[in-house]
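Asks: Here the sequence shown stands for residues 667 to 891, where the numbers follow my numbering.
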Amino acid sequence: MSVREEFDEWATSGKDRGMEDRHWHTAKHVLARMPVEPGDRVVDLGTGSGYALRALRERGIGGGYGLDGAPEMVRNAREYTDDEAVGYLVGDFDSLPFLDDSVDHVFSMESFYYAAEPHTTLSEIRRILKPGGTFYCAVNYFAESESTHAWQGEISVDMTLWSRGEYRQAFRDAGLYVAEQDTVPDREIEIPPASAFPTEDWTSREAMVDRYRTWGTLVTVGVAP
Ligand code: SAH
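(1) Measuring only the C-alpha atoms, how far is residue 865 from residue 857?
(2) Name the two residues that bound the continuous alpha helix (DSSP H) containing residue 837.
(3) At a cut-off of 8 Å, is residue 682 close to the ligand SAH when judged by its beta-carbon and the heavy atoms of the ligand?
(4) Please go through the stretch 733-807 and give each complete beta strand (DSSP E) segment of 3 or more residues, from N-terminal end onward.
(5) To the nearest whole angstrom, what separates the beta carbons of residue 855 and residue 691, a pair I think is in contact under 8 Å?
(6) Return the CA-CA distance between residue 813 and residue 693, expressed in angstroms with no decimal places.
(7) Have a look at residue 764 and residue 794 and give me their C-alpha separation to the nearest angstrom.
(8) Let me confirm a value: residue 797 is counted as buried when at least 16 other C-beta atoms fall within 10 Å, else exposed. Which label applies?
(9) For the stretch 723-736 against the stretch 704-712, do three or more pairs of beta-carbon atoms, one drawn from each stretch, fall closer than 8 Å, so that the two count as touching?
(10) Any heavy atom of the ligand SAH inside 8 Å of the beta-carbon of residue 790?
(11) Given this structure, state the Cα-to-Cα distance separating residue 871 from residue 861, to the nearest angstrom.
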């Protein structure tokens with residue numbers, strides 16, 4: 667199944683908003699760290715419901731484009747947004763529809779690992795970023811967070827499972843400096859008492875703690891020279 671088929675279905679069944687609610691626990695911390703200034707142009711890769719750009723605009727900064735490979739995601743994001751400074755585009759991570767040196771910051775939440783050619787995507791990000799521009803890449807599917815690995819079995823799109831070190835190396839290979847790498851825990855998701863396990867989604871409380879509190883989301887920050 668293609669990105670389009672898989673995620674169009676998510677968008678039409680309302681999963682875009684469901685992800686927004688859940689990912690916001692973490693995304694707000696990542697967005698707060700980004701050095702976005704008024705007038706800066708921001709691109710959100712794999713924008714889903716498009717919330718990241720709306721959140722920046724609520725702080726009076728940002729503006730730019732959310733890109734997504736699923737037209738239904740883009741349609742929803744447009745519908746949820748009433749802001750001339752923000753637009754949503756259908757496009758693929760393999761070939762970003764932006765000019766060289768034209769973007770101040772790139773953000774991507776729970777999307778990068780779906781790239782068919784992740785090294786190409788990083789080169790594309792490096793290409794479109796202005797000197798000193800940043801890429802804030804947030805992923806919860808990575809090698810060290812073992813309880814996330816089963817996710818690949820539930821989704822038809824091939825996913826990239828890199829370790830923290832592999833993320834840093836791939837950023838450097840694409841010509842980005844690695845300014846920071848960190849994991850951001852989700853402290854808001856409710857973890858039931860041990861007696862409630864197994865649940866529909868979790869075999870044990872330990873696995874759920876490991877996933878959300880111990881590992882959380884891996885954030886790698888690249889800076890264009
Ligand atoms: N960032 C949003 C959505 C995450 S879901 C959030 O935090 O909730 C991942 C999104 O990436 C989906 O909307 C999907 O359509 C998009 N996506 C996956 N692979 C893609 C690709 N190769 N090119 C463009 N978009 C892609």
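Built from N, CA and C at the ideal position, the CB exists for glycine as well.
Replies: Taking the structure as given:
(1) In a straight line, the C-alpha of residue 865 is about 11 Å away from that of residue 857.
(2) Counting along the chain, the alpha helix (DSSP H) containing residue 837 begins and ends at 830-839.
(3) Under cutoff, so the answer is yes.
(4) 752-756, 769-775, 795-805
(5) 6 Å
(6) 20 Å
(7) 6 Å
(8) With fewer than 16 other Cβ atoms within 10 Å, it is exposed.
(9) yes
(10) no
(11) 9 Å
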